[in-house]
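A.B. asks: As numbered in mature numbering (1 follows the signal peptide of the UniProt record, and there is no 0), residues -27 to -1, 1 to 1061 make up the sequence shown, in order. Please see the structure below; I have some questions.
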Amino acid sequence: MKAKFKIFLRRFLISLFLPFFFNHYLAAQEQYFKFPVKESGVYKITSNQISNFGASALTDISIYGNAGLLPQKLDSIDLSLREIPSKIIGDELFFYLEGPHQVNALENDWEYQHHYYTDTVFYLISAKTPVKRITDAQESHLNSSGNLFQIIVKKEEDTNLLSSGRNWYGNPIFSGQAYNHTFSIPAGNSGQAMIKSKVMAQSLQTSQFNLLINGQNRSNFTIPSIPNAIYGIKGREESIKLPLNLENNSPVNFQLSYQTSDVNGGAYIDFVSIAVPYPNTDLPSGIYFHLSDNLIQISPISDRNIFILDDIYRTRFVSASTSIQLGEKVVVFNTSEAKIISQFKPANLELRSSPISQSLVIITNNQLKPEADRLANHKNNIGISTRVVLLQDIFDAFGYGTYDITAIRNFLSYHYNLDGQIENVLFFGKGTFDYKGKISGGRPNLIPSYSSRNSLNPLATYSSDDYFGFLDFGQGEWEESSNGDEILKVGVGRIPAISTLEAREMVDKIIAYELKSSNLGDWKRKIALFADDADNNIHLNDAESHADFLTQNHPEYLLEKIYLDRYEQIRTAGRQSSPQAKEALTKTIEEGVLIFNFIGHGNETTLTAERVFQTSDLRDWIENPLLPLFVTATCEFGRHDSPFLRSGAEEMLFAEKKGVIGLLTTGRPVFSSINFALNKAFIENVFQKENGETLDLGEIFKRTKNNSLNGALNRNFSLLGDPSLKLATPELESKIKEIIDIQLEVGKDTLSALQKVAIHGSISDPLTNARVLNATGTYKVTLFDKKEQLRTLGDESTPTSFMEEGNVLFQGSGDITNGEFELELIVPQNINYEFGEGIIRVFAELENGQEAIGAEKITIGGTNSAPQLDTEGPEITMLFGNEYGENFEVFQGNNIKLLAKLSDASGVNISSNNIGQDILLRINNNDPVSINNLYFSIGNTFTKGEIRVPIEGLVEGINIISLEAWDNVGNRSILEREIHVDGSRSVKILKNTTYPNPSEEVSNFKIEHNRAGENLILYLRVFSTSGHEIYQASKRYVRANYILDDFAWIFFHSKTKYPVKGTYIYELQLVSEFDNTSDKKSGKIIIK
């Protein structure tokens, strides 16, 4: 019922605004031109210009625009094209336009609003009728006199103190220095002027200021110190306003001197302004403000014209004496002084002329549009309707051509309220806080984001794209308090690419992830929870809270707990590190994990004080299509709005063929309690479904934010990635239907040691709960013992307990036929004999590319009393080599692969519950390594299975490989084999192939070598037959595979000196980073 009511309500509201939208669809069909304005004043169009706009007469010309910043609070009127009235005087058209920066009159005061985003605004011109004209002011004879004021403002922008927020300051001064500015005062003034200024001080001691006007001491004031704390406020502001008697139109000198005992203290000027009084009669040309609450008479002037403005859309012409009131603006001008508009060019308003019916809107610029289009084509092909929109087209259609981020919000609201189809918005390009490009050499601000009003408090300043998701009328003011919280209406995400190369890399990742052909596997059932140490175990406790929720509500997912305090830490060079934790993090990422959830301390480039991850680590991550969603409940790691800093989140996102598929991450310092609330909301929503369908990241992000509102403190939490992407969770469910005791031939709800059981299961559709009859494929079943209680080491906090996934008792695989599967297993004798809750997890891969996941909780404990007749250990066979050749026992490399085949009537033990009965691999005389986790039973049974494992660190000459295994009833076997390594002292290219050859477009290289597992660099050089080098390239391989087959020469690549048809010589050089040895091979390539 709720869903039906929402649909009804939306349709009803849309019907109310249909005339409004329809009128502006029609308006958008007109031809528009935009022109720039840098300062407020009266502008004009001459009769000689009208043909440029497709008009036949001045009477057909209309002007549209907005005064200053577009309003944040959304009103339906802001979605329309607002016409500015004009007046024909002689053969010219006159109108008043505001520049980018505004002054608003108050009683005996004024407000100054500097435009945050631009120093040039644009207005639109169109030829249409009827036209809005300036009307004559109502005649009134009050004979009341008084002063009007011209207001002059001086502001410079060169410092953003925290590199965050909208406010920029200028003119830094330090202790013992002074800021000086002299105002030139226009003639004709009289009476008492006013000076107004705002300054900001950043000092650990009290800041003292002395203000001199024309050399006379006018004010002494102080600004309190700021706290000496990392996250304390970094500056304090103070406003001053003073009366001033002007003398004979002489200049006014403003001098502000500064003193503080903090040697590093400083002060900055926000703005300085002066209100200059003029009598209300015979006003010279200029713009005047009425700052008193009494009515003042304005009369015509013989050689000048006068406009009176309530606002830019309500202008009156003074043709007879009239009166003005507080807040109104008087503009006096001579027709010859009015500026003629110029630099006009066509504006594209097509975004107003047709509804956007797509669910995903990608906003980008011309530079990145080819990759945005490629992503959109992919999305449309997989059923996600997508539209690419250019940023400048949005500014033209909804900002009158002006660079103002609110135009983006208005564009989205316009179509959201009209058609209601937009679900997600992707900002495709980097946005920074430097809207005006004040920072030289910084990364570009391609697609802007929203910046907070607060620019001085590290905990309250932020950058966010949430603003663009507030699409209902009345939303958008977004006050920076808990009372200002607002609800997202659509999902928003950003891919902060700064180049076509980065955009291409991310699009490649998204396409590969969604097509799933390269990332199938049970890595999707894994969730990693990383918890930092210290802080009285708060991070671990938060992670345990999330783990409890997942265990209770989503037991099918396997939790990997990388808690820092469970690993040994070492102290070197005055700081602690944890190589084991770092290795565990890297290993988890490389093996594949659906979600990696980090809780703890961090900064822009590093996770934890022990540096378990730094951006430089990405260089040594292997190429890997198993990309996680990375969630970082930490400080600043996800900062993406800095023009000069590259965050760890950005590096992860754009790492070539590795890294992550997306991040939910924080861009500013945050409290752990705020992080917990956000993280909790995410965990509770990430696996929710609607109508059996997995939620996309945009919907998950929307629910996460809407369910964890906390004022300004959580607004920097962003989705970096594609909001329309769905996590690679299996679509189907795998269910355990029954477990049968084979000996007793009865169903069982308890498993005991040495019990032989058959497990029957099926693949079902979660929406209908029915078996998928045509499901064919393979499954993996894992049986876990009861959870274990472990203790941390107490390195920086008191040792504490946490629950770990139970010991693995069995893992096996087999076939699915007609949506059903069956396997047999023997519960090993090495279990925890106390009765408690264990779990069976099933993961299935079907031939059609679908996957299924499921879990069944079951009691485990006790033992089976039936006698065991098996007295022989497992039979073991070992095969070596990159292709597992049976008799392949001589190798040229020191890293090879082992395939071990084991069989036993009682099954092979993989439980580590009984020390000494693990599957152990020993190389030469080194310590044995447990490889229980690598053994899988195969063929729907427990009696046979395989281990596939790389063997590293072999020595030149004879090597002894031994494999020890136990069966489930306690019988042991061991097998030793000798293998010979000959030729491993240097890297060697064993075989190289170039294909196709001859070729017209590209030659691919396939290389086999003897240094699998090492970091290698492959160099390619191509020469003409006369010896001239025409192409070179290289690629680094981290822990390289035995075969390198992803290296190519594209003949017409941009780095190539374009070759003609003929024969060319190539040279391949392979270099080992381990010992710097190298090998070269060469050959011919024929271009046909």
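Think of the CB as a built atom: it goes at the ideal place given N, C-alpha and C, for glycine as much as any other residue. This structure is a prediction, so every number in the text was calculated from the model and none was measured.
Would you kindly work out how many angstroms separate the C-alpha atoms of Leu419 and Lys403, rounded to a whole number?
C.D. replies: Looking at the two C-alpha atoms, the distance is approximately 5 Å.
A.B. asks: Tell me the residue span of the alpha helix (DSSP H) that contains Tyr387.
C.D. replies: Taken as a continuous stretch (DSSP letters only), the alpha helix (DSSP H) holding Tyr387 covers 379 to 392.
A.B. asks: Using the Cβ count rule (16 or more neighbours within 10 Å means buried), how would you classify Glu396?
C.D. replies: With 16 or more Cβ atoms within 10 Å of its Cβ, Glu396 is classed as buried.
A.B. asks: My output table needs one value for Ser176: the three-state DSSP class, helix, strand or coil.
C.D. replies: Ser176 falls in the coil class under three-state DSSP.
A.B. asks: With a floor of 3 residues, list each beta strand (DSSP E) that falls wholly inside the region 536 to 583, ordered by position along the chain.
C.D. replies: Correct list: 543 to 545, 548 to 550, 568 to 572.
A.B. asks: Below 8 Å on the Cβ atoms is my contact criterion, and I expect Leu229 with Tyr142 to pass it. Report the Cβ-Cβ distance as a whole number of Å.
C.D. replies: That belief does not hold up - the Cβ atoms of Leu229 and Tyr142 are roughly 13 Å apart, past 8 Å.
A.B. asks: Check each candidate in Tyr540, Thr836, Pro9 and name the one with the smallest Cα separation from Lys312.
C.D. replies: Lys312 has its Cα closest to that of Pro9, out of Tyr540, Thr836, Pro9.
A.B. asks: Using three-state DSSP, classify Asp51 as helix, strand or coil.
C.D. replies: Here Asp51 sits in helix by DSSP.
A.B. asks: In angstroms with no decimal places, state the Cα-to-Cα distance between Phe384 and Ser13.
C.D. replies: The straight-line gap from Cα to Cα measures roughly 26 Å.
A.B. asks: How about Val566 and Glu541: do their beta carbons lie closer than 8 Å?
C.D. replies: Cβ distance not < 8 Å, so Val566 and Glu541 don't count as in contact.
A.B. asks: Going by the DSSP bridge assignment, what does Glu666 pair with across the sheet?
C.D. replies: Paired residues: Glu663.
A.B. asks: My understanding is that Gly466 touches Pro696, with C-beta atoms under 8 Å, so please give their C-beta distance in whole angstroms.
C.D. replies: So it is a contact: roughly 4 Å between Cβ atoms.
A.B. asks: Check each candidate in Gly547, Pro200, Lys662, Gly889 and name the one with the smallest Cα separation from Trp939.
C.D. replies: For Trp939, the nearest C-alpha among the options comes from Gly889.
A.B. asks: Give me whichever residues DSSP pairs with Leu756 in a beta bridge.
C.D. replies: Note: Leu756 sits in a beta bridge opposite Phe783, Ile813.
A.B. asks: Identify the residues that DSSP records as bridge partners of Glu1040: which are they?
C.D. replies: Paired residues: Arg994, Ser1055.
A.B. asks: Report the three-state DSSP secondary structure of Gly858 (helix, strand or coil).
C.D. replies: Residue confidence is low: Gly858 scores 47 on pLDDT, short of 50, so the model does not pin down where it sits. No coordinate-derived value is stated.
A.B. asks: If I measure Cβ to Cβ from Asn133 and keep anything under 6 Å in the same chain, skipping five residues before and after, which residues do I get?
C.D. replies: Cβ within range, chain order: Trp141.
A.B. asks: Is the distance from the Cβ of Phe603 to the Cβ of Val633 below 8 Å?
C.D. replies: In this structure, Val633 lies closer than 8 Å to Phe603 by Cβ.
A.B. asks: Which word fits Thr108, buried or exposed, when buried means at least 16 other C-beta atoms lie within 10 angstroms of its C-beta?
C.D. replies: Under this definition Thr108 is an exposed residue.
A.B. asks: Does DSSP classify His351 as helix, strand or coil?
C.D. replies: Note: His351 maps to helix in three-state DSSP.
A.B. asks: Decide yes or no for the touch test of the region 585 to 605 against the region 509 to 529: beta carbon pairs closer than 8 Å, at least 3 of them.
C.D. replies: Contact fails: fewer than three Cβ-Cβ distances are below 8 Å.
A.B. asks: Which complete beta strand (DSSP E) runs does the region 101 to 181 hold, if anything under 3 residues is left out?
C.D. replies: Runs of the beta strand (DSSP E) inside the region 101 to 181: 120 to 127, 143 to 147, 151 to 156, 165 to 175.
A.B. asks: Only counting the same chain, and skipping five residues up and downstream in sequence, which positions put a Cβ closer than 7 Å to that of Ala320?
C.D. replies: Within the same chain, Ala320 has close Cβ partners Tyr5, Phe6, Lys7, Leu97, Asp369, Gly374.
A.B. asks: Go ahead and label Gln802 buried or exposed: buried means 16 or more other beta carbons lie within 10 angstroms of its beta carbon, across all protein chains shown.
C.D. replies: Under this definition Gln802 is a buried residue.
A.B. asks: Return the bridge partner residues of Ala726 from the DSSP annotation.
C.D. replies: For Ala726, which the question treats as bridged, DSSP gives the partners Thr836.
A.B. asks: Out of Thr755, Phe757, Ser774, Pro847, point me to the one whose CA is closest to Leu763's CA.
C.D. replies: Minimum Cα distance to Leu763 is reached at Ser774.
A.B. asks: Start and end of the beta strand (DSSP E) containing Lys318?
C.D. replies: Start and end: 318 to 320.
A.B. asks: Are the beta-carbon atoms belonging to Ser786 and Thr832 less than 8 Å from one another?
C.D. replies: Not a contact, by the Cβ cut-off of 8 Å.
A.B. asks: Within the same chain, show all residues whose beta-carbon is closer than 7 Å to that of Glu112, passing over the 5 residues directly before and after it, in chain order.
C.D. replies: Here the set comprises Ala293, Ser294, Thr295.
A.B. asks: Spatial neighbours of Ile460 within its chain, please: C-beta separation below 7 Å, excluding the five flanking residues on both sides.
C.D. replies: So the list reads Asn679, once near-sequence residues are dropped.
A.B. asks: Is Trp1022 helix, strand or coil when you go by DSSP?
C.D. replies: Three-state result, Trp1022: strand.
A.B. asks: Between which residues of its own chain and Leu591 is the CB-CB distance below 8 Å, once the five residues before and five after are set aside?
C.D. replies: Excluding sequence neighbours, Leu591 sits near Glu624, Met625, Ala628, Lys631, Gly632.
A.B. asks: Is the Cβ-Cβ distance between Thr607 and Thr561 less than 8 Å?
C.D. replies: No, they are not a contact pair.
A.B. asks: Which residue from Val781, Val398, Gly809 puts its Cα closest to that of Asp722?
C.D. replies: When only C-alpha atoms are compared, the closest one is Gly809.
A.B. asks: I'd like to confirm the pairing. Which residues does DSSP put opposite Ala485 in its beta bridges?
C.D. replies: Answer by DSSP bridge pairing: none, since Ala485 is not bridged.
A.B. asks: Taking Glu951 as the reference, give the member of Arg958, Phe95, Ile812, Glu929 with the closest Cα.
C.D. replies: The candidate whose alpha carbon is nearest that of Glu951 is Glu929.
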